[in-house]
Structure formats: C-alpha cells, structure tokens
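Participant: Structure below; questions to follow.
Written out as structure tokens, the structure is:
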C-alpha cells in the first residue's frame with residue numbers, strides 16, 4: 101500500500117495549508133482528498149507537488165507492505 105503520510109507531515113512541518121497548495125499546484129480538491137485517504141494519484145500530480153514543494157517523490161509517499 102502507498103501512504104501519503106510523509107506528504108501530510110511535510111505540509112505540517114512547512115506550515116503550508118492545503119488550500120494554498122491547491123492554488124500553487126493547480127490540482128483539484130478531489131485530488132487532495134485522494135491524497136488524504138491514500139488513494140491512487142497520477143505521477144503528474146506527484147510531479148506538480150514535488151515542483152511546488154521543492155522535494156523528491158520519496159518525501160511525499162512511502163510503501164507499506166501488506167500484512
């Protein structure tokens with residue numbers, strides 16, 4: 101399973117509001133909701149987030165092995 105918990109932590113650490121990030125990246129609120137619930141998002145979305153936040157994909161997500 102892919103978890104976007106590192107993404108959530110990054111936003112908190114940098115004090116970035118999700119609404120501000122939506123404006124910075126142009127992604128939709130539906131896509132943000134997917135990130136909040138660990139649903140699939142495209143690499144295009146990951147690319148936009150990395151560009152806006154100046155980070156690497158590994159800073160946004162982690163793989164959690166199925167139990």
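In our numbering, the protein residues as written are 101 to 167.
For every residue, glycine included, the Cβ atom is placed at its ideal position computed from N, Cα and C.
Can you tell me whether DSSP reads residue 128 as helix, strand or coil?
Facilitator: Residue state, collapsed to three classes: coil.
Participant: Return the first residue and the last residue of the alpha helix (DSSP H) that residue 106 is part of.
Facilitator: Here the alpha helix (DSSP H) through residue 106 covers 105-113.
Participant: Would you report the Cα separation of residue 151 and residue 122, rounded to the nearest angstrom?
Facilitator: Cα-Cα distance, rounded: 13 Å.
Participant: With burial defined as no fewer than 16 other Cβ atoms inside 10 Å of the residue's Cβ, what is the status of residue 143: buried or exposed?
Facilitator: Counting Cβ neighbours within 10 Å, residue 143 comes out exposed, since fewer than 16 surround it.
Participant: Would you list the residues sitting across from residue 102 in a DSSP beta bridge?
Facilitator: Paired residues: 163.
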